Amino acid sequence: MTTSLLTAAGRPAQSADDSRGRTVTESTSRFTASNGTTYTATNHLLPTAKGKGREWLLAWAGPADTTAPDFLTVIDATPGSPSYGDVVNTVTMGPGKGNEPHHMQYVWHKGDRLYAGGILSDTTFVFDTKALPALSVVGVNTSTDTPCGTLPDAYQVLEDGTAYGTYMGGPNVTGPCTYTNGEVREGNGAAGSPGEIVHIGKDGKTLAEIPAAVKGGEDPVQCGNVPDDDRGELCEPARHRGA
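For the sequence shown, the numbering used here assigns the number 248 to the last residue and increments by one with no breaks.
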């Protein structure tokens with residue numbers, strides 16, 4: 006793995022020393038989303054990131070300082086490694102802050118892209134993992150790409166590399182929303198009800214939006230709506246029953 010392989014689509018790699026005197030190699034990838042915003046992911050690789058046959062643990066997190074960027078941390082999980090348990094790369098995100106990093110996919114296979122959700126920004130980030138422990142952003146799905154759903158939750162990657170994402174919240178705007186399969190559901194707004202399943206491409210594009218609530222609605226006693234809605238037909242059971 007060389008720095009040039011990681012930065013072909015970004016700015017040239019730069020090196021600097023951290024507070025402990027270690028050389029940090031930076032490289033940045035960029036992706037322009039459908040809303041015109043250009044998102045960045047900047048690697049901060051330590052020398053301990055080098056070597057073949059390594060195993061890595063990834064953590065998708067937000068900072069305690071809300072003025073700082075959200076980030077993906079890559080941790081050495083190679084048994085017997087001298088740097089076992091150490092952070093070898095911190096991938097800082099831009100330009101937005103306060104995405105409230107939530108889930109990634111629960112199962113990852115070598116070569117899969119990484120899908121990571123920002124629950125408050127209503128955004129799904131897609132990363133190329135071929136150069137682990139370095140990552141590059143190759144797709145961004147924003148709130149305008151999923152008009153019928155909000156609050157991205159978890160992901161399941163399919164054999165073709167695309168993914169299903171569960172979105173826990175209702176449509177961007179209160180009222181009826183037409184999904185890509187032609188079905189219509191009444192919704193009570195962002196972070197409300199019902200939820201949906203989003204089929205997301207490897208480039209972050211929405212391939213399909215499918216309602217998670219049945220047309221006839223759920224039992225309002227067992228499955229209440231948040232916010233309250235007297236129609237009693239919106240509840241998405243996976244969210245409200247804690248499944």
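Glycine included, C-beta positions come from ideal geometry on N, C-alpha and C.
Just so we're clear, the structure is a prediction, and the values are computed from it rather than from any experiment.
Rounded to whole angstroms, Tyr44 and Phe76 show a C-alpha spacing of 13 Å. For Trp113, no beta strand (DSSP E) segment is defined, and its DSSP state is neither H nor E. Residue ranges of uninterrupted beta strand (DSSP E) with 3 or more members, entirely inside the region 52-97 and ordered along the chain, are 61-66 and 76-81. Inter-segment contact for the region 130-139 and the region 174-184 is absent: fewer than three beta-carbon pairs are separated by less than 8 Å.
With a threshold of 16 other beta carbon atoms within 10 Å, Ala121 meets it and is buried.
Judged by their CB atoms, Gly154 and Ser126 are not nearer to each other than the 8 Å cut-off. Cβ contact annotation for Gly103 (same chain, cutoff 8 Å, sequence separation greater than five): Gly67, Thr71, Asp75, Leu125 and Ser126, in chain order.
Around the beta-carbon of His49, 16 or more other beta-carbon atoms lie within 10 Å, marking it buried. Spanning the alpha carbons of Ala213 and Asp117 requires a straight line of approximately 20 Å.
Just so you know, the alpha carbons of Leu140 and Pro216 end up roughly 32 Å apart.
Per DSSP, the unbroken beta strand (DSSP E) holding Leu212 starts and ends at Thr211 to Pro216.
Using a Cβ distance threshold of 8 Å, Ala46 and Met109 do not count as a contacting pair.
For Asp127, the three-state secondary structure derived from DSSP is coil.
For Thr147, same chain residues with a beta-carbon under 6 Å away, outside a window of 5 residues either side, are Ala38, Asn40 and Thr128 in chain order. Taking all protein chains shown into account, Gly221 has fewer than 16 neighbouring C-beta atoms within 10 Å of its C-beta and is therefore exposed.
By the Cβ neighbour-count rule, Glu164 is exposed, with fewer than 16 other Cβ atoms within 10 Å of its own. As far as DSSP is concerned, Ser198 takes part in no beta bridge.
DSSP, reduced to helix, strand and coil, places Thr147 outside both helices and strands of the structure shown, so it counts as coil.
DSSP places Ser34 in the uninterrupted beta strand (DSSP E) bounded by Thr28 to Thr37.
Excluding five sequence positions before and after Gly144, the CB atoms of its chain that fall closer than 6 Å to its own CB belong to Val131, Asp208 and Gly209, given in chain order.
The Cβ atoms of Glu105 and Ala82 do not sit closer than 8 Å to each other.
By the criterion of a C-beta distance shorter than 6 Å, Ala64 is surrounded in its chain by Thr78, once the five residues flanking it on both sides are discounted.
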